[in-house]
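Colleague: Our numbering numbers the first residue of the sequence shown as 90 and each following residue consecutively.
Got a structure here, written out as structure tokens. Questions coming.
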Amino acid sequence: MTFDRSAFRQRNPVHSPRRSSVLAPVVVACLAASGLAAAMSPADAADGDLPWPGGQAVTTVDEVGLSSDNLSGLYYEGTGNADTGTLWAVQNGPAILFKLKESDGLWTSQRDELVDPDWAGGKQLLYKGGDGNGYGVPDAEGLTFTDRPADGVFVATERNDSGAASKIPRPAILRFDPTGTGEQLVATGDWNLTADILSDWPLGAPPLDPNEGIEAIAWVPDSYLTDTRFMTDAGTVYDPTDYYGDNHGNGLFFVGLEQTGKVYAYALDLKGTSYQRVTSFDSGFSKVMELHFEEQTQQLWAVCDNTCEGRTARLAVDTTEGSPTAGTFVPVAHYLRPTGMDNLNNEGFTTTPASECSGGVKPVFWAEDGDTGDHSLRQGTLRCGPDGPEPVEQVITFTTAAPASPVVGQTYNPAATGGPSGNPVVFSITTRSSEVCSFTGAVVTFDHVGTCVVQADQAGNEQYGAGFASQSITVAKAATTTVPTASTTKLEAVVKVTAPGVGTPTGSVAFTVDGASVGSAPLVGDTATLNYKVARDGKNHTVTAVYAGTADLAGSTASTSVTGPSDPVITATVGSIRPRSASGWYSAPVEVTFTCTPRGSALVGACPTPVLLSTSGADQSVTRSITAADGGTASVTIGDLDLDLVAPTATIGGVKAGKTYRKKQKPTCQGVDVLSGLQSCTVTQVKRGRKFVVNATATDKAGNVNFATVTYKVRKQR
């Protein structure tokens, strides 16, 4: 509901036109008397529905993310002059009340300079005495105000939306004090209408669905109801003094039941919890989602969502004398939705006061439960001239479709056709959009991520009203590609912006090798270079380059592979003219020769020359190294080389050379080797007449041999 309190207190009520006995002329007469006919006739409507009585263009006017979904009732609070007022909105789940202000064509709750900081992001509504755990959170569907600020805000609810209670219908009106501080508002009044609504529920009808209860609410002033001799269900003329005296306030609360499309009018005891039903009537729709009393025309709007193809109706109290419907609300007109609006799940609707009428039109708003395209709030216009037909609003139609998914750097050339005034269509972008896009000549350039709103305006004249249309374009980050290359000593990545995006990549690129971070490097131009030596293992390694992106450029990543370098190989071979003994000793000089294999990079210098070991000694070794041009090295060591080039000494014991003995002797072999050690020492003797020749052989562990010989005699026996 919209109600300009200051304007209402100063004006005289406007009576509904007298009703004719023919329906069609009545519709036209009512529209003309309220300044809404504007060259319409019954022939303009299909099946009784008239075209929307305002501009056919509708634009999204909320910031992305205002409400992810479930935005429902609306109420516009005027300022009493042409200044923009406050748009109140309620989200049915999880019962959030928003206080919205306009900025650069968008309605927001996030700007502290526009909205009280307490209202940033809206306020949670709770049942009286509840904190979210007690009575719980209501399913808030509609809202309205009275003509007295102290009365607070009244919210239509379907049920307690907490836990098991959400399965039980509880149609009620809750009151809240919007001047309260903090992030929550606890109900200061609770009028549970369940018993009354079910008291005359049709027999055999489906039970009241907890999700199809009270969806709409509007406050209608007593001054209008008494002036039109509004009738009660009892068949008497409505008298405010019959209802709660001073606690009654200055009007009745009309609520719409979604499940049946029925409207109930209640008088509330504003200082208690009592209420009385004054009357009820059909809205004209199978379901009703919003009620709104327009102060300027003194008419009640009933709104149906996509169930009825977005149709609306205006109702007024029939003041025709003698009419069977005198004193009751009857349809004045039914309207199709604006042609520029899809068949949306609109659950909220409100107009603005007459003080905001400009150029023959004033703003109206719709709230959509489904958040189509990430937007829940839409704005259109409604004709509002005070005297007869107003200039017909020119319809501006964009002949170019905005890019479906534009990115930073992309451009767009908007074009549109206007109305018959002959005035040019002028393109511009909103002030806030200047942070996202720029307009030069006839080209829009998307400079940064965000929402760019392109406006098309056409001035009016005496015959045609001004036209307006806009395109809201969401600009995303431009894509990038990252192409890595790798050598054994350097990693590089080239980052480029992918068409149609335009931009210069900045920042740095992070590198990993086999999944492990090895560092990052800044972009110079479009290239990042990191000096890094790949492991010298001859294995294949995966190199990944990761560009994180910027505020306007999306990140990208890619991988390549590189084979680690291999060190050269050197082997050694040992040779000698005599084989190595079983004890591991050489008895002749040893020559060590080398074989070199480069493996990928040439050697620095030649393969080492052979080494000759010709000196006796134990545990000798030879080491040689080689170096490759790429820095690789290899070495080989041959150790445990035992050389004994000296034969052992050999002597014969037990006999003396040339001596004569009485009998054959038993000589012994006596040998000595100071390096490798004696392996064996053997002795033999041979008789040659009276002589014995003794031979001794000494062998060391290297295989060196030495000999000794002694001859002795034995006396001849007598």
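Even for Gly, the Cβ is constructed at its ideal location relative to N, Cα and C.
1. Can you check which of these residues, T409, A415 and C397, is closest to Y424 by C-alpha distance?
2. Quick check: what's the CA-CA separation for S110 versus L139?
3. Around the Cβ of S161, are there at least 16 other Cβ atoms within 10 angstroms (buried) or fewer (exposed)?
4. Please state the DSSP three-state secondary structure of K628.
5. Going by DSSP in three states, F333 sits in which element: helix, strand or coil?
6. In angstroms with no decimal places, state the Cα-to-Cα distance between V584 and E230.
7. Using 8 Å as the threshold, is the C-beta distance between N452 and T441 below it?
8. According to DSSP, is T283 helix, strand or coil?
9. Got a sec? Which residues, its chain only, sit under 6 Å from S672 by beta carbon, not counting five neighbours each side?
10. Could you compute how far the alpha carbon of D133 sits from the alpha carbon of T595?
11. Anyone know if the C-beta pair for A402 and T409 falls short of 8 Å?
12. Please specify which runs of the beta strand (DSSP E), each continuous and at least 3 residues long, are wholly inside the region 620 to 664, giving them in chain order.
13. Determine the DSSP secondary structure at W177, reduced to helix, strand or coil.
14. Enumerate in chain order the residues of its own chain whose CB-to-CB distance from A822 is below 7 Å, with the five nearest sequence positions on each side excluded.
15. Using DSSP's beta-bridge definition, name the partner residues of C541.
16. Report the partner residues of E166 according to the DSSP bridge assignment.
17. From which residue to which residue does the alpha helix (DSSP H) around L314 run?
18. Is the region 255 to 275 close to the region 206 to 219, with three or more CB pairs under 8 Å?
19. Which class does E152 belong to by DSSP, given the choice of helix, strand or coil?
20. Less than 8 Å between CB atoms is the rule here; does I286 satisfy it with respect to chain C?
21. Look at the Cβ atom of G590, then the Cβ atom of A617, and state whether they are nearer than 8 Å.
22. Is the separation between the beta-carbon of V772 and that of V763 shorter than 8 Å?
23. For Q759, write down the residues that DSSP places opposite it in a beta bridge.
24. Short of 6 Å in beta carbon distance, which residues of its chain neighbour F781, apart from the five on each side in sequence? Order them along the chain.
25. Pull the bridge partners of V484 from the DSSP assignment, please.
26. Under a Cβ-count criterion, where at least 16 other Cβ atoms within 10 Å of its own Cβ denotes burial, should I518 be classed as buried or exposed?
27. Secondary structure at E524, three-state DSSP: helix, strand or coil?
28. Thinking just about the alpha-carbon of each residue, which of T788, K776, S714 and G508 is nearest to the one in A739?
29. Would you kindly work out how many angstroms separate the C-alpha atoms of G241 and P329, rounded to a whole number?
30. Decide if the region 278 to 285 is in contact with the region 311 to 320; the criterion is three or more beta carbon pairs, one per stretch, under 8 Å apart.
31. What are the uninterrupted segments assigned as beta strand (DSSP E) that are 3 or more residues long and contained completely in the region 403 to 476, given in chain order?
32. Going by DSSP in three states, A746 sits in which element: helix, strand or coil?
33. Compute the beta-carbon to beta-carbon distance between D153 and G194, rounded to the nearest angstrom, for a pair I have assumed lies under 8 Å.
34. When the Cα atoms are used, what is the spatial distance from D431 to T571?
35. Quick check on C119: buried or exposed, where buried means 16 or more other Cβ atoms within 10 Å of its Cβ?
36. Between T749 and V803, what straight-line distance do the alpha-carbon atoms span, to the nearest angstrom?
Modeller: On the basis of the data shown:
1. Taking the first residue of the sequence shown as position 1, residue 424 is located at position 335. A check of alpha carbon separations from Y424 across T409, A415 and C397 identifies C397 as the nearest.
2. As a first step, residue 110 is located in the sequence shown; it is residue number 21 there, counting from the start. As a first step, residue 139 is located in the sequence shown; it is residue number 50 there, counting from the start. In this prediction, S110 scores a pLDDT of 27, lower than 50, which makes its location untrustworthy; the coordinate-derived value is nonetheless stated afterwards. Put simply, the backbone Cα of S110 is about 20 Å away from that of L139.
3. As a working mapping, residue 161 is identified with position 72 in the sequence shown. Sixteen is the threshold: when 16 or more other Cβ atoms of the shown chains lie within 10 Å of the Cβ of S161, as they do, the residue is buried.
4. Numbered from 1 along the sequence shown, position 539 holds the residue referred to as residue 628. Three-state DSSP puts K628 in coil, outside helix and strand.
5. Residue numbering aside, residue 333 sits at position 244 when the sequence shown is read from its first letter. The amino acid occupying residue 333 in the given sequence is Tyr; Phe does not appear at that position. Judged by DSSP in its simplified three-state form, Y333 adopts coil rather than helix or strand.
6. Here the question's residue 584 lines up with position 495 in the sequence shown. Here the question's residue 230 lines up with position 141 in the sequence shown. So the alpha carbons of these two residues sit roughly 51 Å apart.
7. Looking up residue 452 in the sequence shown gives position 363. Looking up residue 441 in the sequence shown gives position 352. The question names Asn, but residue 452 is Pro in the sequence shown. Going by C-beta atoms, P452 is nearer than 8 Å to T441.
8. For the purposes of this step, residue 283 is taken as residue 194 along the sequence shown, with counting starting at 1. T283 sits in a helix when the DSSP states are folded into three classes.
9. Within the sequence shown, residue 672 is the residue found at index 583, counting from 1. These residues qualify, in order along the chain: K790.
10. On the sequence shown, residue 133 is found 44 positions in, with the first residue counted as 1. On the sequence shown, residue 595 is found 506 positions in, with the first residue counted as 1. Here D133 scores only 30 on pLDDT, less than 50, and its place in the model is too uncertain to base an answer on.
11. Taking the sequence shown and counting its residues from 1, the one referred to as residue 402 is at position 313. Taking the sequence shown and counting its residues from 1, the one referred to as residue 409 is at position 320. It is not a contact, given that the beta carbons lie outside the stated cut-off.
12. Complete beta strand (DSSP E) runs here, min 3: 629 to 636 and 645 to 652.
13. Start at 1 with the first residue of the sequence shown, and residue 177 comes out as number 88. The answer is strand: DSSP assigns W177 an E or B state.
14. Nothing can be reported for residue 822, as the shown portion of the chain is limited to 90 through 807.
15. Residue numbering aside, residue 541 sits at position 452 when the sequence shown is read from its first letter. Paired residue(s): I562.
16. Along the sequence shown, one-based indexing puts residue 166 at 77. Paired residues: T175.
17. What you label residue 314 is simply residue 225 of the sequence shown in a count that begins at 1. Per DSSP, L314 is one residue of the alpha helix (DSSP H) stretching across D311 to D316.
18. Segment contact: the region 255 to 275 against the region 206 to 219, three or more CB-CB distances shorter than 8 Å; contact assigned.
19. Taking the first residue of the sequence shown as position 1, residue 152 is located at position 63. Residue state, collapsed to three classes: coil.
20. Included in the structure is just one protein chain, with no chain C present.
21. The sequence position of residue 590 within the sequence shown is 501, counting from 1. The sequence position of residue 617 within the sequence shown is 528, counting from 1. Taking the C-beta atoms as reference points, A617 is found no nearer than 8 Å to G590.
22. One-based indexing of the sequence shown puts residue 772 at position 683. One-based indexing of the sequence shown puts residue 763 at position 674. Taking 8 Å as the Cβ cut-off, V772 and V763 do not qualify as a contacting pair.
23. Taking the sequence shown and counting its residues from 1, one reaches residue 759 at position 670. Partner(s): T740.
24. Residue 781 sits at position 692 when you count from the first residue of the sequence shown. Taken in chain order, the residues that qualify are Q774 and Y801.
25. On the sequence shown, position 395 is the one that residue 484 refers to. Beta bridge pairing from DSSP links V484 with no other residue.
26. On the sequence shown, residue 518 is found 429 positions in, with the first residue counted as 1. I518 is classed as buried because its beta carbon has at least 16 other beta carbons within 10 Å across all chains shown.
27. The residue you call residue 524 lines up with position 435 of the sequence shown. In this structure, E524 counts as helix in the three-state DSSP scheme.
28. Stepping through the sequence shown from its first residue, residue 739 is reached at position 650. Comparing Cα positions, the closest option is T788.
29. Indexing the sequence shown from 1 puts residue 241 at position 152. Indexing the sequence shown from 1 puts residue 329 at position 240. Approximately 20 Å between the Cα atoms of the pair.
30. Under the three-pair Cβ rule at 8 Å, the region 278 to 285 does not count as touching the region 311 to 320.
31. Runs found: 418 to 424, 435 to 440, 450 to 457 and 466 to 472.
32. Here residue 746 is taken as the residue at index 657 of the sequence shown, counted from 1. In the structure shown, A746 sits in coil (DSSP, three-state: anything other than H, G, I, E or B).
33. For this step, residue 153 is matched to residue 64 along the sequence shown. For this step, residue 194 is matched to residue 105 along the sequence shown. According to the sequence provided, residue 153 is Val. The question's Asp does not apply to it. Contact flag wrong, Cβ pair sits at about 14 Å.
34. Numbered from 1 along the sequence shown, position 342 holds the residue referred to as residue 431. Numbered from 1 along the sequence shown, position 482 holds the residue referred to as residue 571. Taking the straight line joining both Cα atoms gives about 41 Å.
35. Reading the sequence shown from its first residue, position 30 is the one you call residue 119. Confidence in C119 is poor, its pLDDT being 30 and thus under 50, which makes the residue's placement unreliable; the coordinate value appears in the next sentence. The residue is buried, with at least 16 neighbouring Cβ atoms inside 10 Å.
36. Taking the first residue of the sequence shown as 1, we reach residue 749 at position 660. Taking the first residue of the sequence shown as 1, we reach residue 803 at position 714. Straight-line Cα distance between these residues: approximately 5 Å.
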